[in-house]
Structures are given as structure tokens and as C-alpha cells.
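Participant:
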Amino acid sequence: MTGRRVLLFITIFLFISFKSFSAVFTVTSNADSGPGTLREALTLAAANGSAEKDYIYFNLPDLSEAGRTITLFTQLPDVSSNLVIDGTTQPGVKFGMSDAKVGLFYRTAVEQYLQGLKISQQHDITILGLYLNNLTDVSGASMFYDWSAFFIENSNNITIGEAGKGNVANNFFNPLRTYALQDNTEHIENLVIKSNFFGIAPDGVTLAPLKINLVGISNVLGAVTIGGSQAERNIFATGLAFGEGNGGVINPAAIINIKFNNIGVDYSSQVSTHSAFGLMLSSSDNNDNYTYNVEDNILSSKTYPPLDITSPGKRVVILRNYIGIDRTKSHPLEVGPLGGISIFQDHGIMLIGSNNPADANVIAYCKPLRITTSGQVSFNKNSFFCTHDIYPVYFESDYQPLTVANITHLTASNITGTATPNSVVELFYTDDCNTCSPKTYFASANTDNNGNWAYNGLVKGSVIASATFNGSTSEFTKPYLFLNVDDSEVIKNPANCGQSDGSIKNIKLYDLANTNNTYSYSWTNESGIEVGHDLDLTGVPSGTYTLEVKGSGCGSAFSKPIQLQSLTINLDLSNLKTTNPGCNGSTGSITGITASNGTHYQWINKINNQIASNSSDLRDVGPGTYQLTASNDFGCSEKSIEYTINTTQPTTYPVYPFSITNSCSGQNSGSITLTTDPLVKTMRWIDGNGQPAGTDVNPHGLKPGTYKVYFTDANGCETLYPHDFTVNEIDPLQIVANSETRTDDQCGLNTGSIKNIQVKGGTQPYTYLWLNVAGEHLFTSQDLTDVGAGDYTLQVQDASGCGVMASRIYTVLNENSSIDAPIIAPLQLCAPGEALLSVSSPSAGNTYRLYDSQTSTQYQDEQTNGIFKIKANPNSTYYISRVSGQCESERTQAQITISLSAIDIPNAFTPNGDGKNDYWKINNAQNYPQAIVQVFTRYGQKVFESKGYSVPFDGTYNGTRLPSGVYYYILNLGKSCNLLSGSLSIIR
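Note that the numbering used here numbers the sequence shown so that position 68 is 68, with each residue one more than the last.
#1: DSSP state of GLY248, grouped into three classes?
#2: With three or more beta-carbon pairs closer than 8 Å as the criterion, would you say the stretch 253-268 touches the stretch 217-229?
#3: Measuring alpha carbon to alpha carbon, tell me which residue in LEU410, GLY375, ASN382, SER383 is nearest PRO401.
#4: Whole angstroms is fine: what's the gap from ASN814's alpha carbon to ASP904's?
#5: Are TYR521 and LEU535 closer than 8 Å when you measure CB to CB?
#6: For ASN456, which residues from the same chain have a beta carbon less than 6 Å from its beta carbon, with the 5 sequence-adjacent residues on both sides left out?
#7: Helix or strand or just coil, what does DSSP make of ARG315?
#8: So, ASP448 versus CYS386, is the Cβ gap smaller than 8 Å?
#9: Could you pull out every residue in the same chain whose Cβ sits closer than 8 Å to the Cβ of GLY885, ignoring the five residues on either side in sequence?
#10: Just confirm the distance between the C-beta atoms of GLN734 and LYS760, as a whole number of angstroms; I'd bet it's less than 8 Å.
#11: Alpha carbon to alpha carbon, what distance is there between HIS274 and ILE200?
#12: Going along the chain, which residues of its own chain have a beta-carbon closer than 6 Å to the beta-carbon of ASN978, five neighbours each way excluded?
#13: Counting Cβ pairs closer than 8 Å, one from the stretch 704-718 and one from the stretch 569-576, do we hit at least three?
#14: Return helix, strand or coil for PRO357, following the three-state DSSP convention.
#15: State buried or exposed for GLY959, treating a residue as buried only when at least 16 other CB atoms are found within 10 Å of its CB.
#16: Quick check: what's the CA-CA separation for GLY248 versus ASN470?
#17: Taking 8 Å as the cut-off, decide whether the C-beta atoms of PHE173 and ASP146 are in contact.
#18: If you run the structure through DSSP and keep just helix, strand and coil, what is GLN863?
#19: Let me confirm a value: SER17 is counted as buried when at least 16 other C-beta atoms fall within 10 Å, else exposed. Which label applies?
#20: Apply the 10 Å Cβ neighbour rule to LEU221 and answer buried if 16 or more other Cβ atoms are within range, or exposed otherwise.
#21: Would you mind reading off the limits of the beta strand (DSSP E) that contains ALA46?
#22: Would DSSP call THR888 helix, strand or coil?
#23: Residues in its own chain within less than 6 Å of LEU351 by CB, not counting five upstream and five downstream?
#24: Per the DSSP calculation, GLY216 is bridged to which residue(s)?
#25: If we count the other Cβ atoms within 10 Å of its Cβ and call it buried at 16 or more, is GLU111 buried or exposed?
#26: What does a CB cutoff of less than 8 Å around GLN895 pick up in its chain, not counting 5 residues either side in sequence?
#27: For GLY87, does the three-state DSSP call read helix, strand or coil?
#28: Just to confirm my understanding: we take ASP744, look at its own chain, exclude 5 residues before and 5 after, and list those with CB closer than 8 Å. What are they?
#29: Work out the CA separation of GLN610 and ILE672 for me, nearest whole Å.
#30: Below 8 Å on the Cβ atoms is my guess for PHE73 versus THR108; work out the distance and round it to an integer in Å.
#31: First and last residue of the beta strand (DSSP E) that includes GLY588?
#32: I'd like the span of the beta strand (DSSP E) that includes GLN345, first residue to last.
#33: What is the DSSP secondary structure of GLU718, counted as helix, strand or coil?
#34: Considering Cα atoms alone, identify which of VAL540, ARG320, LEU369 is closest to ALA360.
#35: Cα separation between GLN122 and SER155?
#36: Does the beta-carbon of TYR113 have 16 or more other beta-carbons within 10 angstroms, so that it is buried, or is it exposed?
Written as C-alpha cells, this is what we have:
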């Protein structure tokens, strides 16, 4: 035994080391474990990895059923990826009617959780030809019995069975179950289930003795194929359910094909399996991206609807299925009271059948459809027969508008009716089970924009109709009996006024089936009340009546609604109009009353009981109370209520807004603008003398004075408006003489002004325009400012629009005043040459001129800053004057001294930041703009140099404070001046 374990370990080690090769593992022992067992093969396949596909084949030597049965006492290892387990490779015959050739029989302990073959988080697995059977008695288990034959979790590309290679799962609570986490992060993608027996023995007949759940599939993506062809059909003895959802995952969307399966039906396809759940399609999430194609299945369930659909996903297509009946239509199958197809849908699209009659679903021996929906459901060209309670199809529908359909008439060659406009109507013959169900589709008709449709062709029996519009199908109509109710030659006798002596006779019946049927009759009035039971209707008042004819077959036939004309007079007041008379006489009226069946009319004035008119309209009468009596020759009459025509009162007008434009002086140019409302139809104006002044809301060309207006209303009543309107005369516009304040110009500097001018008359606001003698526009303000000497014209206009302008000419003079002569700072030089001559404290806004004599007429230079560059020598004489505009001051002579004593050089300073003597100041250095000043340490290092001395030495070098001590300077004033040098002490 120890040697075998070592051999197994070595084998597994070799597979781990060389796991990139495809391998075939052959099961040769039906023991639970050990060499050659299925347990060992699953272990070796897992160890070999999943890079290449591995295979587990079977070659059990004992070919009997017992020899081909593997009894298992514990859970097998999980099935690994990229693996094919093929039980059909085992020699020997199949188990029963199934394709399985190898049995996996479980005798495991009760108190555990068993999964026959578990696939968890794997891919590309195929399982073929196995018979999974549970032999453990779980009736006494204390835990919940939830064992699964096939358990698939969060995996993809899984195949359970193929054509001719199906599996059997029996006596497990879950024959097959898929599982994924509830948070929609795990799914089953691409699943194939074909040719399997679930919840039934291999003989295809014997049901499991234990309680068996249905096959449960959920959280799928991609392609899901259940069955496929007749050879690939599955038998779901206890049912099949798709539940939960994929959370709206779009890629890949779930396309679920459920085809050619027996659901709740055994192998023979003709016998129901008891306690089956049927096919359930449901979802817990409106975002589920499921599409179902349910085709060619046989379905049965005694407890639940064979096809139970609850919020199934995006789209469900149901074609060619058999519910409650086998494919031969000769063997009824069990269906419970909840119906064949039950739909509880709050989203998505549902298609039951199609436009192709070959796609019809066949449903029998049950209620075919039970629909509660908020979405679109269409059911087309299906075959329902021998049903129970076919009406209603819709138990509740929030989808609006729900399509409707009706049959109004039928003959042997024509059917007409009404339906939702632009819908398509389908016509069915009823069944022969006397359940009046739509069994055989035979024609369609299109409904026009007004909702009318017609079928022209051979008709062979009683007919049921439905209509489909925008993907929604109506309820089925009640069957229309195969009978022609001919009312083309009907004889109608109207009832006398107030009597019940009317009749409808001579309706003819044509039995289109030629069966000599016996009929019953029912006449109803427009309120749906039954009023007669014979073919002829007699002893009724005027009204509208419909005949319903019933025979021994399905449905009823109807006449068109037949009207017995009423002789009773009815007054129609919908167009009644009462008009009061105007202020000028008898113009009142009462019109618009019509009287059905009335031929004579009489209006009575109730005040004097005199006849006011003999026509239906009362016209040209004065105030009073009037009543109409309408009558005919059949003794019928009808009186109106009393109507009052009132005396017309003058209109009371509100206060209307207005504006007045006064008249210009000496002119008739005034106007009035009045805003009224529809109460005023016309008006007339008069002046203070009672003379006409206008007839509209804007009388104009008015002279000064007071005006009145009369209003006329819709009744022709004229009323004096209780408000006067006064047009005044505008005073002449003029400039008040000598009202201005004048300021003359000084020295030609444009400081002159004219202000405070007064204007009177006209209409404010005024506009101003100042012009010079050249006619140029200067200012548009009332005051004239900042001008020189000259003549200026002011033009003033007002807002009256009278076209009058006032103007006046004003003169501004110029005055030249004397100004102070400048003060010149003395200039000291060490030698003749270039120098700067400066005015002390020059005034801003002035100009300074340099002269070479006191009397010269031409100045040598002119500067605004008062600084002049000169050439100084002992014989030089310069004068400077100050200029303001046209005014010039006396000239001041410059004092120029040429002497070395002009430079004052301190030998020490204290740059300690106290604001005193912080700089080395050389007096009069500014007189030598070309001078070069240098400072050196005692070692000859230059620490300061400046051309000119506009910025004095502050005791620093390159931004660093120099230490206290003795330094040396050289001052080169230039020209012929000697160098000046000496020591300089920095004291801190």
C-alpha cells in the first residue's frame, strides 16, 4: 500500500513537472479510490494543468451494469479546466433509454454537503455519458438536503451532454445547479446542456423516490444552449428554471436557446411527470440583459404554469411549443389552473408566435394565456383549443393604449369590424371542443386610419379575431356566429309621441353552415337593457336597438344598431344666443335654438302674453321675458325656459391713460393721445366752444384750450367721458440777457469761461451748443470753460418740437499779468568748461529761457526743468527768464565763479543709519557732471567709483558695509582742474 502511494506521488510530481502536454487518463477500476479510479484520474488531470485539453476515458473490464457502476463514499475532487470526461468511451450497453454508460452511485454520509461533480472557477469542460445517482437515505438528515448532481460555479465554456452522449442525474435534490455570487461579480458564461435525463431514471419513465428540485440556472452570460434538435433534447422531469440575473452586463449578452426539450414530460413525450415545476423564466433585476428563445418544447405542469415568466429580461421569443398536448395533438398533458403560459412582466418585449403560421404554439386543455404586464406582449397565429376560461387574457395591463378588436358583421364571403387604427387583425376559426377557442388561423386584415377593417374571402365557420399594434396584441373577441343577420330590408315603425308602439320587423337570417340550427334572440336598447326575445321587435318607444342571435354553436351574430326615429321634440340650446336691445330701440333677439322633430314655433311675451314671433328665432324685440313653444303634427310639444332681454345700460368706462402735447407759441400744434380698450367702439372730440375736434384716439392740430370726448359702446350708447383735457400754449424760448458770469483768459492759457447762463420758456429739457467764430462745434454743456480770447455763440433748443432756437454771442478777453523772475543758484567752478546752470525751485507748468544779455531778443535755450548746459569762462554772462503762456518775467543774471574753493570735501562721515551724516556729501560736486570720484582702501583696493556724483558714497561695497577706518579718495573734476585727493574716515 505504501508503495502505491509513493508511485501516485511520483506520477503526480511528473505531471506537475511536464504539465504542458495533453493527456488521456483511462479509468479501469470501479473502486472509490486508488490506481485506475476516477478519483485518481481527476487528481492527475488537475495536476497536469490546463494549457492543453486532457481526457478521461473509461475501460472498466466488467461490462455488466454493476461492473460499470462506480460507488463513491466521499466527495470527488473538483473537475479541472480544459478537460473532457467521456463515459461513452466505456464498452457495453447504455443505461436504459439514456446515453449513459458509466454509473456514479453515491453512498455518502448523511451529515455532509454533497456535490456529485463540482465545477468551480474553471473553463472548457465537457462531461458525457455519466449516470449520477444518489443512494443515500437522507430522510433522517438534520441538515437541509441540498445536494447537487452537477454543480457549476463561476465558470465558462461548460458542456453537459451532447447528441448521443447525454448524462443522467437522479435522486439528487438539485439535478443540476449553477451558482454565482449575488453581487453580480461572478457569472456562468457559455453553457451547453444536451441529451440529458434530469430527475428521472434512465428508463425515461421512473421518477426519483426522493424530493427533487428543478434544474436551476442563473447569472449566465454569452451563449446558453439547452437542447437544440430532436436528437439533442433534454428531459427535465421536474422542470427547468432560469432565475436571478446578470445585472445588465452588456458584453457578452446572454442569448438563451431552449429548444426541443421535454419539460414536465417523460421520454415518450406523451405522459406528464407528476409534481413538475415546468419552465420558469424570472429575474430579480430590470437591467438583466437576457434574450430567451423558447422553441419546439413540450411542456406540462400540474402545479405551476408550464411556462411561467416573471420579469424575464430584454426579449422573449416563444415559437412552436406544445403545452397541455403532445406533438401528435392526441395525448392531453397535465396543466394546472394557473394556465399554460403565465406572464408577469414589467419590462422587455414578449413574442408568442410570429407572422409565420408555421411558428404557432399549440396550447390545449387549459387557460392558454394569463398576462399581467407593463410591457409589450404580442401573441400571433397560435392554435388554442379545448381550453378553459380563455377570457380574459389580460388580468392587468399598465401598457397603454392596449390594443382593441371587434367583429361587427359576417357573411359567407366577408367579415368587417373595428380595431385600433393601423393595427393588423388576425382571424381564427373556433375549435370543435365547444370551448369557443381560436384554434385555426386563416387570414389577416389591415386596419385603416379610422379603425375599420374588412376581410373579403371564403368564410367557413364561427370566427374569433385579435389585433396587434406596436407589438401589443388585444384580447380575443367573442366568437361571431357563422350566421348572416340581414337587416338591409328592415321595416321600422316609429313610436308615436310618448307611446311605446314602435316596431322593427323583416330582419332575415341566413344559416351559413346550412345546419338548420335553432336560434334564440335578444334585443337590447342603447343602454344595454334587454327589451325583446323574438326576431321581430314590437311595442317599444323610439330609440336605438341591436339584435343578438345565438345558435347551438360558438358565439353570437348581431344586427347593426337600428334606430327608430323619435317624434319627441328635444330642444338643442348649444347655439343659444341672447342679445339685449341697443340704446336706440327694439333690437333685442333670442336665436340659435333648434328643435328636433319640431315643425311649428311660437314665442310669447310673458309680460303681456302677446305672440312675439312664429319662427324659431326671435328678433327685433324690446326688453321683456319670452318663452318658445315648439310642436309637431304628432301631438308633441316642448317649451323652453323663460328668457329675459334686459334694458341696455350705458357703459361705465374706466380711467384711461393719456398724454398731452401743448401747442407751440402762436401755432395750433397741440395734440392729445388717449389709450382706450374694446369697450369703446367710436368716439368724438369737441373743443371749449362745442366744435368738433377729432374722432380718434389722437386728435392733433389743436389750439390751446379745454377739450371733451364722447364714447360710443357696442350697443350704440354714447356717453360723455367725465374727464377734461387741457392743451396749453408753450412760452417762447429765450436766453436771459446779462445772466452769465464771464471769466477772461490769462496770458493766453485758455482759462476763460462763461457760466451760469439762464434760459426760460419752451419745454425742458434744453439742449446747448457752443460754436466759435469759425462755426466749429465746441461744447454741448450749459457752461463754456477752458477757452481763450474770442467770440462764442450759444444756441439753445427745447423739447417742445416747435422748431424754435434761441442764440446769443459772448466775448472772452485776454489779460497779460506780470510774473516773478526766477532765482538762479550760484555756479562755482574750478576751471572754465562745460557746466550746468540751474534755476532754484523751478515751478511746474512754466518754461525757462536762457539769454546771453539783458536785452537780446533771441533766447539761446528753453527748458521746462530750469537746467541749462553752458560753457563757462571768466567773461561769460547769462540771464534766465520765466515764461507762463504769453507772459514772460524779468531776466535774472547768473552768478558764475571759477575757483577751486568751490568744492567742499568732508574728511569723515558716519554711515550708521541714524539719518545724520550717513553719506559722504561733496558740496558743489553737481556743478561738475563729468567729474570722476574714486575711493580706495589703504591697500589700494577701489571700493567706490562714480562719474558725476548724483548718488553719494554710503560706506558700502557690493552691498556689504565697509569697516570703520581710514580710506583715500581721488576727485578728478576734468578739464584743467587738478586732481583732488585726501583721506576719508568711516566712523561707525
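Don't be surprised by glycine CBs; every beta carbon is placed ideally from N, CA and C.
Facilitator: Inspection of the coordinates gives the following:
#1: Bear in mind that the predicted position of GLY248 carries a pLDDT of just 49, short of 50, making it unreliable; the figure below should be weighed with that in mind. DSSP places GLY248 in coil when its eight states are reduced to three.
#2: Yes: the two stretches touch, three or more of their Cβ pairs being nearer than 8 Å.
#3: Ranking the options by Cα distance to PRO401, first place goes to GLY375.
#4: If you draw a straight line from the Cα of ASN814 to the Cα of ASP904, it comes to about 50 Å.
#5: It is a contact, given that the beta carbons lie within the stated cut-off.
#6: Result list for ASN456: ASN414, in chain order.
#7: Correct three-state label for ARG315: strand.
#8: Contact check for ASP448 against CYS386 fails: the beta carbons are separated by 8 Å or more.
#9: Answer for GLY885: GLN746, CYS747, GLY748, LEU749, listed in chain order.
#10: Confirmed, Cβ separation roughly 6 Å.
#11: ILE200 and HIS274 have their C-alpha atoms spaced approximately 11 Å apart.
#12: Excluding sequence positions up to five before and after ASN978, its CB lies less than 6 Å from no other CB in the same chain.
#13: Counting Cβ pairs under 8 Å, fewer than three are found: no touch.
#14: In the structure shown, PRO357 adopts helical secondary structure according to DSSP, grouped into three states.
#15: By the C-beta density criterion, GLY959 is exposed, having fewer than 16 other C-beta atoms within 10 angstroms.
#16: Residue placement at GLY248 cannot be trusted, given a pLDDT of 49 that sits under 50; the coordinates are not used to answer.
#17: Yes, the pair counts as a contact, with Cβ atoms nearer than the cut-off.
#18: It is a strand residue.
#19: Confidence is the limiting factor: at SER17 the pLDDT is only 40, short of 50, which leaves the residue's position unreliable, though a coordinate-based value still follows. Around the beta carbon of SER17, a 10 Å sphere encloses fewer than 16 other beta carbons of the protein chains shown; the residue is thus reported as exposed.
#20: With 16 or more other Cβ atoms within 10 Å, it is buried.
#21: Where ALA46 is concerned, there is no enclosing beta strand (DSSP E), although the alpha helix (DSSP H) it sits in stretches over 38-47.
#22: At residue 888 the sequence reads Glu, which differs from the Thr that was named. Residue state, collapsed to three classes: strand.
#23: The residues are VAL317, SER378.
#24: In DSSP, GLY216 forms a bridge with ARG177, ALA241.
#25: It is exposed - the Cβ of GLU111 has fewer than 16 other Cβ atoms within 10 Å.
#26: Only ILE824, PRO826, LEU827 meet the Cβ criterion.
#27: Of the three classes helix, strand and coil, the one that applies to GLY87 here is helix, per DSSP.
#28: The answer, listed in chain order, is GLY752, ALA789, VAL812, LEU813, ASN814, GLU815.
#29: CA-CA distance, ILE672 to GLN610, rounds to 52 Å.
#30: About 6 Å separates the beta carbons of PHE73 and THR108, which is inside the 8 Å limit, making them a contact pair.
#31: Segment 588-591, the beta strand (DSSP E) holding GLY588.
#32: Unbroken beta strand (DSSP E) run through GLN345: 341-345.
#33: In the three-state scheme derived from DSSP, where H, G and I count as helix and E and B as strand, GLU718 is classed as strand.
#34: Minimum Cα distance to ALA360 is reached at ARG320.
#35: A direct Cα-to-Cα measurement between GLN122 and SER155 gives close to 5 Å.
#36: That one is exposed.
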